Amino acid sequence: MSKQRRTALVTGGSRGIGRATAIALAKNGFDVAISARTVKEGDHDLSGSLQDTAAKIEAEGAHVLLIPMDLSDREAVAAAADKFLAEFGRCDLLFNNGIYQSEAAEARFFLETPIEEMQNILAGNVIAPAVLIQKLMPSMVERGCGTIINMTSAVTYMKPPGVVGEGGWSMVYAASKGAIDKFASVLNVEYSGRGIRTFTTEPGFVAYGERLRQFVELYHTVPVSPPESCAEAILWLMDSPDADRLLDKRVNLPSLTEKHGLLPDWDGPGTMYPKDS
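Under our numbering, the sequence shown has 31 at position 21, and the numbering climbs by one with no breaks.
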């Protein structure tokens, strides 16, 4: 492993945006650590796993570290950061992309959600990113550079179009995303003078595989995007000299990719990727 290669920790790296971003980083000279609960195919109902993502990263000639991790387990999250630093010695990018997934997080009314499950969701979506930042930022400060990218959501400012299960979302999920949405504004005041940049990003409506085709055909008025559109925007935030002007913004990743033409084989939100597929 070259000492000159940059390093990144990507949570939620088994599928979707995390997987696409980890692979894109590997293609662009990063060694990458990926974390998630799904280690191998079959561990989860959804397709995708850390092992599959790792194989794609290694195919790009990058060094990869698999870190099985439950975001609601604070000790496991702290241990994951320690393992990352022990392996790589430095952190150039922390991408807080993963979320705690459960029925309560996605499809329960407020009065039907146990307080214990609310604690798990807040632990996974708010406390876990905070633990990773506290663990990894000191090495960034010591070196005088580092980037943190936190994934928020449009639920932080949108009114639900319906109740959960009918186009809406749970209150506790929205609350957790509202919390992570505020991290960057404070961290950039406290640490920007020490070389640390923190971005707040949102993905819009992302789908992949056959679901992308289904949603593009079904939701004609909704700008559905592939996860690769988010990955390319994250690379732009890492390397573009113009990125710092977005530090105080909530960055819609697919829109950024479309604006700068970062994914040539894609015609923008609401279209297939690749466009001839």
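A virtual CB, placed ideally from N, CA and C, is assigned to each residue, including glycine. Everything numeric in this text was worked out from a predicted model, so none of it was measured.
Give the straight-line distance between the Cα atoms of residue i and residue j, rounded to the nearest whole angstrom.
i: C155; j: V226; result: 39 Å
i: A64; j: R25; result: 11 Å
i: M11; j: Y218; result: Unreliable placement is indicated for M11, whose pLDDT of 42 sits below 50; the coordinate value is still reported in the next sentence. Straight-line Cα distance between these residues: approximately 32 Å.
i: Y183; j: E122; result: 14 Å
i: S112; j: L56; result: 13 Å
i: N106; j: T21; result: 6 Å
i: A243; j: I33; result: 13 Å
i: T231; j: E51; result: 34 Å
i: T267; j: W276; result: 10 Å
i: K66; j: A164; result: 30 Å
i: D286; j: G271; result: 17 Å
For residue i and residue j, which I take to be in contact (beta-carbon distance under 8 Å), what is that distance rounded to the nearest angstrom?
i: G39; j: T48; result: At roughly 27 Å, the Cβ-Cβ gap does not stay under 8 Å, so G39 and T48 are not in contact.
i: N135; j: Y110; result: 6 Å
i: P142; j: V87; result: At residue 142 the sequence reads Leu, which differs from the Pro that was named. Rounded, the Cβ-Cβ distance is 6 Å, consistent with contact.
i: P213; j: M248; result: At roughly 17 Å, the Cβ-Cβ gap does not stay under 8 Å, so P213 and M248 are not in contact.
i: L222; j: M282; result: 7 Å
i: P233; j: G280; result: 5 Å
i: K145; j: A189; result: Going by Cβ atoms, the distance from K145 to A189 rounds to 18 Å, so no, they are not a contact pair.
Leaving aside the five residues before and after residue i along the sequence, list all residues of the same chain whose C-beta is less than 7 Å from its C-beta, in chain order.
i: T17; result: F40, D41, F98, R100, C101 and D102
With a 10 Å radius around its C-beta and 16 neighbouring C-beta atoms as the bar for buried, classify residue i as buried or exposed.
i: A138; result: buried
i: K269; result: exposed
i: F120; result: exposed
i: G108; result: buried
i: I159; result: buried
i: E309; result: Since the displayed the chain opens at 11 and closes at 287, residue 309 lies outside it and no answer follows.
i: R29; result: buried
i: E127; result: buried
i: G23; result: buried
i: R118; result: buried
Ordered along the chain, which non-local residues of its own chain (more than five positions away) have a Cβ less than 6 Å from that of residue i?
i: F94; result: L19 and A43
i: F193; result: N160
i: L81; result: G108, Y110, G134 and A138
Could you name the residues of the same chain whose beta carbon sits closer than 8 Å to that of residue i, not counting the 5 residues immediately before and after it, in chain order?
i: R84; result: A133, I137, A138 and V141
Contact between the stretch 198-215 and the stretch 147-166: three or more CB pairs below 8 Å? yes
Contact between the stretch 225-240 and the stretch 175-189 (3+ Cβ pairs under 8 Å): no
Would you say the stretch 209-216 touches the stretch 69-85, given that touching needs at least three Cβ pairs under 8 Å? No contact exists between the stretch 209-216 and the stretch 69-85.
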